[in-house]
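**Student:** Numbering (UniProt numbering), first residue to last: 1 to 68. Think of the CB as a built atom: it goes at the ideal place given N, C-alpha and C, for glycine as much as any other residue. Computed from a predicted model, the values in this text were never measured in an experiment.
(1) Count the other CB atoms within 10 Å of the CB of residue 62; is the residue buried (16 or more) or exposed (fewer)?
(2) For residue 37 and residue 56, which I take to be in contact (beta-carbon distance under 8 Å), what is that distance rounded to the nearest angstrom?
(3) Answer with buried or exposed for residue 8, where buried requires no fewer than 16 other C-beta atoms within 10 angstroms of its C-beta.
(4) Within the continuous alpha helix (DSSP H) that includes residue 101, where are the two ends?
(5) What does the alpha-carbon distance come out to for the pair residue 1 and residue 49?
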């Protein structure tokens, strides 16, 4: 069964972009905005992971309960 690594690359991309924006804002002296950007990025990634876990549980339920 092939694995879908798109989600891993999306999460890594979001992390890199958030880190760059955080660094730029922190160097500009806008630390409060930098922290908000980091928190927002964390929320987006957490939502993506929650959707992946939901799909995982649905797949497990379909396999063991033999339902589609």
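**Tutor:** Let's see:
(1) Your numbering for residue 62 matches position 62 in the chain shown. Under this definition residue 62 is an exposed residue.
(2) One-based indexing of the chain shown puts residue 37 at position 37. One-based indexing of the chain shown puts residue 56 at position 56. Not confirmed; about 29 Å, so no contact.
(3) One-based indexing of the chain shown puts residue 8 at position 8. Label assigned to residue 8: exposed.
(4) Because the chain is modelled from 1 through 68, residue 101 falls outside the range shown and cannot be assessed.
(5) On the chain shown, position 1 is the one that residue 1 refers to. On the chain shown, position 49 is the one that residue 49 refers to. Unreliable positioning characterises residue 1 in this predicted model, as indicated by a pLDDT of 44, which lies under 50. The coordinate reading is nonetheless provided below. Those two C-alpha atoms are separated by around 21 Å.
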